[in-house]
Amino acid sequence: MNAIIISALWGIVMMFSGIVTDKKSTIRITAIIGLVLLLGVNWLDMTGHHLFAIDSHKMLFFDTFGLLANCIVFGSSLLYFLLSGRDIEKVGVNTAEFFALIFFVLCGVCLVTTFNTLLMLFLGIEIISIPLYILTGADKRNLKSNEAALKYFLMGSFSTGVMLLGIAFLYGASQNGTFFIDDLGVGKAALSPLFISGILLLLVSIGFKVSAAPFHFWTPDVYDGAPTVFTSFMATIVKAAIFIGFIRLFDEGFGDSQPKWQLFVAIITAATLFIGNLTAVFQQSVKRMLAYSSIAQAGFMLLALLSLNGIAREGIILYAAAYSLATIGIFAILIKMKDYTFEGFNGLAKHHPVLAATCTIFLLSLSGIPLTAGFFAKYYMLSSVIATGKFLWLVIFAVLCAAVSVYYYFRVIQAMYFKEGDAQTLDQGPAFRGLLVLVAALILLLGVFPEALIGKLYSMIYTW
Amino acid sequence: MHITQILFWSLSILALLSAILVVVSKNPVHSVLWLILVFFSISGHYILLNAQFLAIVNLIVYAGAIMVLFLFVFMLMNLNADTEPQKNKWLKIAGVIAGGSLLLVLVAALKNADMKNQLAEMNTGSIGLIHNLGLVLFQEYVVPFEISSVLFLSAMVGVVVIGKKD
Amino acid sequence: MPINYYIFLSVALFCIGVAGVLTRRNAIIIFMCIELMLNAVNLLLVAFSKMHHHALALTNPNAGIDGQLFVFFIMVVAAAEVSVGLAIIVMMYRNTHSIDVNFLNRLKH
Amino acid sequence: MIPVLLIVIPLVSGLAGFFMKNEKSARGWSLFASLVTLVISLWGLSLPKGSELLQADVAWLPSLGSRFAVGLDGMGQILCLLTAISFPIIFIATWRDEYKKAWNFYALMLLSQAGLMGVFLAMDALLFYFFWELALIPVYFLCSIWGGEKRIAATFKFFIYTFIGSLLMLVGIIYLYSHTADHSFSIKSFYALHSGPGLKVQDQMWLFWLFFIAFAIKMPIWPLHTWQPDAYEQSPTATTMVLSGIMVKMGLFGIIRWLAPVLPAGTWAWGDTASALCIIGMIYASLVAIRQDDLKRLVAYSSIAHIGLMCLAIFATTTTGLQGVMIQMFNHGINIIGMWIVIDLIERQFHTRKISELGGLAQKAPTLAILLVIVALANVALPLTNAFIGEFLLFSGVFSSTATTYNVVFTVVAGLSIILSAVYTLNMIQRVFFGNTNALTEKGTDIRLNEKWVLAAIVALILVVGIYPKPVLDLTKDTVETILTKMTYSNK
Amino acid sequence: MVPVLPLAGFLINGLFRNSLSKSLTGLVGCGVLLAAFILSLLIFGQVRQEGFEPVIVSLFDFISVGKLHIPFAFQVDQLSSLFLLIITGVGFLIHMYSTAYMHEEEAPHYARYFAYLNLFVFSMLLLVLGANYVILFIGWEGVGLCSYLLIGYWFKNLDYGNAAKKAFIMNRIGDLGFLIAIFWMINQFGSVTFAEVFDKAPGTKVAALTGITLLLFVGATGKSAQIPLYTWLPDAMAGPTPVSALIHAATMVTAGIYMIARSNILYSLAPTTQTVVAVIGLATALFAATIALRQNDIKKVLAYSTVSQLGYMFLGLGAGAYTGAVFHVMTHAFFKALLFLCAGSVIHAMGGEQDIRKMGGLRRYMTVTHLTFLIGCIAIAGIPPFSGFFSKDEILAAAYSKSPVYYIIGVFTALLTAFYMFRLYATTFMGQFRGTIDYDRVPSGIGGRDEGHERSSHHLHESPSAMTIPLIVLALLAATAGFLGIPEIFAPHAHWLEHFLEPVFAGSEHLPAVMAKKAATEGHASMEWALMGISVAVALIGTLSAVFRFSSKPQLEEPTGFAKVLANKWYVDEIYDALIVKPLDALAKFFSGFIERSVIDGIVNGVGRLVQYGSRQIRLLQSGLVGGYILLMVIGILVLFLVELFVKK
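Chains as they are written, first to last, in numbering that gives the first Met the number 0: chain A, 0 to 463; chain B, 0 to 165; chain C, 0 to 108; chain D, 0 to 491; chain E, 0 to 648.
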């Protein structure tokens, strides 16, 4: 609860900060303070100190899983601000508003990670989406940005419609007319075709939000068209958060009727892995490649949805962290590049060794090489599925896709290290580099001791 | 045949027809008008179902505010029939087929729902009345209600950001 | 009224909306069709709420009221979406003097 | 204790190496580090079996049931020794090679050494996988930064190839892990699998391939070998030595430690198929080697043939055969490194590896010629060279194998490769060293002292092991017995 | 022990090639051999005493794996001591000879030569002294290596290199057989030590024994140049002549005979193999003899005669006359070494010329060589009382006792032998000197004939004493050695060699089957006389006809018809080339050219390309049109529902 309210409030604060001052640095710093505050209150929530005594009538349920996810989200957003905050200012004049919108998104994220009724899920997703439409189109002069915004908006609202139909079906199927996810599929409701149809429609619409094939088509265009700094935000934090919600819904809501829908998730997962990885191979622009890679990564995260077990829950948290960290880092570097194509990276290692080295670590993490967080993320996903004992074909397929992914990730590494050229970058301060190194170090740490995240936090909560 | 049934059928047919006309009519303004008609018929259904509050809100919000907004935009861009070039035929057909088959599939999926005995209560029951709705809305649903304000806020900010000339 | 009628009616409306989205290329019309879809859902929800109320009125006088409240929230969201959407469309129009979605193909492949 | 040192010293010194921005010091530093490693491995050798100094086991990922467990058994000893010996030799032999940003080069070399050590020491499946990859990454960079002109494509192929393999292996590892009784990655619980109820026999059938493909790509076994000649040809010689001398052994090692004892039924069932692949590979590679004009490619193919024989002997599941594999892994490493050194010397002098462009070197560089001839004869397993011991044991192991009904056929067909190896090796010697000098080789000179000493050391190793192999054989005796008992468990 | 000395010599000469002076190297080379010879004489002395038991000296554990234990052990008994004598003795003489023959080489190569030679002697000793098959095999491969090195001694010349390679590879083929035999033994007997193997042998079933013995014989054919693996030996003549004398006549090539004689028990137990051995030996003898008829290269003739003589020995082995075979090995070692050395001195004199058509009438210029050569010829032709007669006759007798056919062919071969040997003799030493030595034909590098240039026919001179002395010694041996094995019928129990070797062959002598055969042959004294008479007559016929035929007008014209076939060695090399080398090469080309590049690598890269292609195609879905996207989404929904409706049911 704390986080939700604070984030909403801080959104308003940001709005007015634009009026109070027009020194962008102050605005940025306020935003950063806000995030730190968010982290803090969320922490308090975890340790059981609730600032506000509000009865949400069980519509929100603050369990470890959600709050932990919040931590990840806020943490990575903090990193995001620190790394790319200056670039937000570069997008347009309305810096304060952008920050405000981002905070509203975070508020939605909190809802999505802790919802307990479909209504909250719906509201959360909408609160996430609407500001994102705006942010996508934030670069108003740029036609690509406009186009992206419009596409995103149209398809997004379409998927909203689909989701609502699904919700309606579920409501119809439910025993006693309720939206609470934990008594949706109880009793003979589970048998009703309305129920399964509703699940399918929800699968589709939320799959759309996490860009699961074949509902991913918006992703490349929107990510490509949106201002890179916001692409980074969308591709990492938002996506991770919605995944948490996804898992939450299917776990709490439809966990009992898993066999009914597992097959569909498997199909979607396979399709996502296939399309994401395969299409990324041929891209010429790193930005667009990253868009497709985010699809591919989503495919891997869907494995957790396929096998809803303890490993999957831990794994999705770890994956969210690993994926967000790495992708934020890469995007932060990408923003600094003059040329977004692969050629633009040629010879980066010679001129900016730090950037190249950190970027390499991020890429390795994304491709799931051991010693990086990405490996354990993928490891958890795979082992969660293997633990179910079913869908081994999917595991093998995923593994092969991962091998394909190495191809396009390493193209960047090759460009940076093995190709001759002078990669043009914008100026970046030592602080920026330092942060990059920090992130890289964090990834390596998670790669060697993943329990630093999972084990410690869980134990901390249980001991309390 | 009971009056409610007559009303139900006529309203349904009206809704469907005007919905189709929304889609097919060349002139965007016409389709706006047809859409308004759809809304009206749907509100009629609400009334049949004795959900007066929603019926009114539907009329005010949709038929009133939103549609007017649409009309304004159209006028602003003064678009008319010939401004919209025709989409290529095949995509059109594909679209229609897709929509139709979606309908088929959904119906097929739902037809054997054992809901023959399930009845939607007509023109009785008090849950649709403002009094009850209000009570529940401001007791149980106060949190989402407040949160929806965040939604509005963000929408507002967004529109400002987008619309403001800089 | 049997609930099936309402189900089929609103599904039909929904699908008409979908067909509209697929066939038209005027952004606003497409958007209207989406609104149509939403309304179909609203109708369905109300019908369901009444169904539940009919089934459970004895135990709980407020049974099924959630559905109608949900519809209320949907309207809220729809309103917000409309404002944003129209804003985006207008912005688009400012830059390209067209709201034809088929011209939105700078981003592809 | 010792295992940890063996891993940590190269690792740390390698990481340190990145920061010394001076070629000379980097070179010296890495040589020093590798020598220290060698000393430590020798110390390990001197200790009695089962001394607790040879084991180390620290908690790593308790929730995953994976521990940082490393240990030196016979096989580990011999392979670590090989690794520890090879690196100083490599460093000295390539002392004169020039690299741009040499410090990075040496640092990466040391990192790969750490990875290799880890692979040979790991007693925990997940740890094993970790080091398996860790050994791969530095080599990838080494090859693609300092390699030949077609390096990027070649090494990339190599990387993807091996990566696919290791991912499949990862799936297999996880599957086994999920079936262990105590949900742990430790080698003991893996060994306990096949005797316990956890793992069904038909599971072993397909699990076998998950592992075998990974190892087969590494070795490589026909037809998964095509990455190898390109990679060898393109990568800098020092790296090629690591690749062919040591990394190749990872595959064999993997089969012996992680495949055969863990999935005995699968190994038993697929043994013939695998052996057939090995044999096809041997003959095939030997024939292809005859046609090669590039020295590196020739050695690459001959290495494929030799590895094929060792792999064949593993599936023979006989004491003799396994002992042969153990000693031959060591020998092959030494010999092939010797070959590479010679090739490197030639290339550095004449800037070509084309056999057709060379000739008559024996007149210009008699010492080189003689040393090469000895190494080459070891390559064709002439008696009193180390390889003879190995191949003798391998062949007799295969011949006396009861695991297959085709043991005689295997022996005979595989034996043909002895003849073929003589053919291509002698061809090579003759066309490179004998005959008259040509314009290119006219101004050839003999080798320098340091090179002479390195080669001499290798030759000495070859002969000593060739004449008195007992210590080496005794070293691995126990390992072989334990492995065999595991392998034959399900068939008793 | 004996072998250490040559090894030491090898090491000294090998390591200090550059520092040592030529005389010193020669001294070391010969010295170690002389010492070794003396040592072996002492050993021989001990062995000769009655009731001498084989001594087995086990140095250390060579290979010990599981139940298999292979010690690095030596065994001294009658057989090995005899071979010791031959090797060290003949070896010493030839070393001595070489000091003069190779004198023109510059120091390092000179040293290299002696190093190789010593290494050879070392491994040869290893071979004969080994107490088990593995040690035997080590020596076996070692001598192969040395012959490779020595044949390719003049490494500048690629043809020599090729000859060396051919020799090595052909030996390898044989060795493979040998190896497999060893593995089989390990499997069968669990040991490779002679003693244990022979003890266990009688118990085992014949099939296994036959297999083992046949495989061993394959090894022998490789080493001892029998059909089908004989073709390397004539080519091996590319090496320096002393080498040909030592390795390719006296010692190495007889390794096969030694090995079979050593494992006589196994063979006696496997009659099938014996027959095979006999037949192959006979065939080789005849075949090589026919080829020798038409060779014009002095060394080639001798080479083929060697092959043919080896054939004889195998015939003997096949016929169970192990003593005879060994006997013939000994005598052959003497006279063939003699012949080669003579040839060497001739070549030396002729300035590297090897074509007998360019010689003739040499008896006038080089008397010693001439006489010794004559002795050698007589010996090999088998004319009593020279050594060749006794040994050959013993074999023939044994052959006859097996089957008359063997005997007849054997005798015919003897005829041929006498004929071509004296053809050689006649063309070389009698008649007029035909040689105008054009020095360009001097194969490059053969002992760098610098001073040869100012030499013409009337400068032809006798070789230096270092060369002639060995000739004389060998000639004496060749003449007299025969009396070590006088047939029973001359003087009962005078067959000294048989008694000497008795303990070695006792095992097989007392096998019932062999006993029976012996009995059969006993007491046909008259028959034996007859046989001897025949062979002597035949030998004489051959000799005389040849002498008369060629002494006056040697055949210089190009051979025609059948003779051409003979001159071209039955085109065997060509046939091998067409049957084995070419196809193998083609296969290799096919693999490396097509399969490797196109098929396997093609598939690998093909997968990569497929991914690329698929990516290029799939990204076309990303049409950029919202309508298209939503359409695809709807289709996706449809698919899901269809699965729900139909597939899952």
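A virtual CB, placed ideally from N, CA and C, is assigned to each residue, including glycine.
These numbers come from a predicted model, not from an experiment.
For the alpha helix (DSSP H) that residue i lies in, which residues bound it at each end?
| i | result |
| --- | --- |
| A:Arg247 | 238 to 247 |
| E:His327 | 321 to 349 |
| A:Lys418 | Note, A:Lys418: premise wrong, no alpha helix (DSSP H); not H, not E. |
| A:Phe361 | 352 to 365 |
| E:Tyr612 | 600 to 617 |
Decide if residue i is buried, meaning its Cβ has at least 16 other Cβ atoms within 10 Å, or exposed.
| i | result |
| --- | --- |
| E:Val537 | buried |
| B:Ser11 | buried |
| E:Asp439 | In this prediction, E:Asp439 scores a pLDDT of 44, lower than 50, which makes its location untrustworthy; the coordinate-derived value is nonetheless stated afterwards. Exposed. |
| B:Leu152 | buried |
| D:Gln322 | buried |
| D:Phe18 | exposed |
So, at 7 Å on beta carbons, what are the nonlocal neighbours of residue i in its own chain, with the 5 sequence-adjacent residues on each side left out?
| i | result |
| --- | --- |
| D:Gly230 | Just to set this straight, residue 230 of chain D is Ala in the shown sequence, not Gly. Closer than 7 Å at the Cβ level, and outside the excluded window around D:Ala230, lie Cys142, Ala153, Thr154, Phe157, Leu242. |
| D:Leu5 | Thr36, Ile39, Ser40, Cys79, Met116, Leu120 |
Based on the DSSP output, what are the partners of residue i in its beta bridges?
| i | result |
| --- | --- |
| E:Val56 | E:Phe73 |
| A:Met380 | Looking at the DSSP assignment, A:Met380 forms no beta bridge with any residue, so it has no partner. |
| E:Val64 | E:Leu67 |
| E:Gly129 | E:Phe73 |
| A:Phe481 | Nothing can be reported for residue 481 of chain A, as the shown portion of chain A is limited to 0 through 463. |
| D:Ala185 | It should be noted that the sequence gives Ser, not Ala, for residue 185 of chain D. Paired residues: D:Asp123. |
| A:Ser284 | A:Thr340 |
| B:Asn131 | Paired residue(s): none; B:Asn131 is not in a bridge. |
So, at 8 Å on beta carbons, what are the nonlocal neighbours of residue i in its own chain, with the 5 sequence-adjacent residues on each side left out?
| i | result |
| --- | --- |
| E:Leu395 | Tyr406, Gly409, Val410, Ala413, Leu530, Ser534 |
| A:Gly176 | Tyr170 |
If you follow the beta strand (DSSP E) that residue i is part of, which residue opens it and which one closes it?
| i | result |
| --- | --- |
| D:Val57 | 54 to 60 |
| D:Ser65 | 65 to 70 |
Cutting at 6 Å between CB atoms, please list the residues of its own chain near residue i, excluding the five before and the five after it.
| i | result |
| --- | --- |
| E:Ser462 | Ser344, His347 |
| A:Leu181 | Just to set this straight, residue 181 of chain A is Asp in the shown sequence, not Leu. Here the set comprises Glu251. |
I want to check one thing, is the minimum distance from the CB of residue i to the heavy atoms of the ligand FMN below 7 Å?
| i | result |
| --- | --- |
| C:Ile98 | For the ligand FMN, the structure offers nothing, since it holds no ligand at all. |
| task | Please confirm if the segment 30 to 47 of chain C is in contact with the segment 26 to 44 of chain B, defined as three or more CB-CB distances below 8 Å between the two stretches. | result | yes
Quiz item: Does the pairing of the segment 189 to 208 of chain E with the segment 258 to 269 of chain E give three or more beta-carbon distances under 8 Å?
Solution: yes
Touching or not, the segment 110 to 128 of chain D and the segment 78 to 98 of chain D, by the rule of three or more beta carbon pairs under 8 Å? yes
Would you call the segment 60 to 72 of chain C and the segment 116 to 123 of chain A touching, i.e. three or more CB-CB distances under 8 Å? yes
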